[in-house]
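Written below as structure tokens is the structure these notes are about.
Residue numbers (the UniProt record's numbering): 1 to 394.
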């Protein structure tokens, strides 16, 4: 009778077999937006009209000064329409409970759009949906059980054994957090193929203008709706699977004493008590270089002999024009380095967690337009800021 292997040997061999050989990669991307589109230079009139606030002329003038030039946004897409708001007067009445109405507007629309972008990513990937082993969903829409992850799995016809993870209310860092989780899953489960889907709905924080809340006006002028999806896996199988981006490293850093800077709370009136502190750009400017340097040092980045920070490509979540300006100033980036992020901000606004997927897709498009001589493999950074303040880096 053969000798039984020592448990430590079995554990080691099992662990080695379970892990992938190489780093995780993004294998396919899908993005989409709701049909309702509002030009930013028309938004002020639209917003004050639908909230029945035309009498607040001073606030109207303040918002008009901010959009579109100072916001850096030219248009946005929304699940909600003027008719939607008109059919739910409780949404513009701060004293009335409106959470149910808001969730009702978003639950079907946001999840169906997530299914649409996930289907696009699966088609681009080139393998059947049945080959998806894990599902990571990030959303702020639909607080219910079973959750958005199970709903999406059903809409896509994923296998009953698919392993699901739901990330809820991570704010602007949600997309990067979902990618970080997917990277860990793919690298620690040989053969895993992870579908990541991010969908956000701004109707949850939609609110009428308030004389005491100028930051609320900024939020109304900033956020839009959209969904993004990617397929993540390690050790791609050719020729079907072609990596778009490899994810070599991931980190998360929380800036101490900054919990107050980005705050939202669920209430019967939606995501209320929203606070977007004017300190945030200053906090980014004072801390982002040290955070990135600590995260990337094990990779030998930035390489001073290859342009330093300007030697990398950048996929920064466009939390707002001032946030991008702060990255650019703190790191000494050439204007072209954040061109993809600024383009996405201009075309779609801040779609919270889904936005960074749009940025990755824009970078991919721009690389396709380059000469072959400019398409060499290049180091890059994905970075985003969320409540905490939390800095996610890949």
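Cβ atoms here follow ideal geometry from the backbone N, Cα and C, with glycine treated the same way. Since we're looking at a predicted model, the values are computed, not measured.
Asked	Found
Just the Cα atoms here: how many angstroms apart are residue 157 and residue 130?	8 angstroms
Nearest-angstrom Cα distance between residue 1 and residue 7?	Below a pLDDT of 50, predicted positions are generally treated as unreliable, and residue 1, at 47, falls in that range; no measurement from the model is reported.
Might you give, ordered along the chain, the residues of its own chain that have their beta carbon closer than 8 angstroms to the beta carbon of residue 295, omitting 5 neighbours on each side?	249, 251, 253, 393
Quick one: give me the first and last residue of the beta strand (DSSP E) that residue 75 is part of.	75-78
Over what stretch of residues does the alpha helix (DSSP H) that includes residue 105 continue unbroken?	99-125
Which residues in the same chain have their Cβ closer than 7 angstroms to the Cβ of residue 300, if we skip the five residues on either side of it in sequence?	none
Decide if residue 40 is buried, meaning its Cβ has at least 16 other Cβ atoms within 10 Å, or exposed.	buried
For the putative contact between residue 232 and residue 186, defined by C-beta atoms under 8 angstroms, what is the C-beta separation to the nearest angstrom?	5 angstroms
For residue 388 and residue 283, what's the separation of their Cα atoms in angstroms?	12 angstroms
Let me know the secondary structure DSSP gives residue 382 once reduced to three states.	strand
May I have a chain-ordered list of the beta strand (DSSP E) segments no shorter than 3 residues that lie completely inside the region 217-247?	226-234, 245-247
Roughly how many angstroms lie between the CA atoms of residue 140 and residue 305, to the nearest whole one?	43 angstroms
If you check the beta carbons only, do residue 207 and residue 178 fall under 7 angstroms apart?	no
So, under 8 angstroms CB-CB, residue 223 and residue 350 are touching, yes? Tell me the CB distance rounded to an integer number of Å.	5 angstroms
I need the DSSP call for residue 1, collapsed to helix, strand or coil.	In this prediction, residue 1 has a pLDDT of 47, which is less than 50 and means its spatial position is unreliable; what the coordinates show is noted afterwards. Three-state DSSP puts residue 1 in coil, outside helix and strand.
Just how far apart, CA to CA, sit residue 145 and residue 44?	37 angstroms
Curious, which full-length beta strand (DSSP E) runs of at least 3 residues does the region 153-209 contain?	163-168, 193-200
Note down the Cα distance separating residue 20 from residue 182, rounded to an integer number of angstroms.	13 angstroms
Nearest to residue 51 by alpha carbon, out of 288, 203, 326, 383?	203
Is the beta carbon of residue 241 closer than 7 angstroms to that of residue 99?	no
Among 127, 361, 88, 84, which residue has its Cα nearest to the Cα of residue 238?	127
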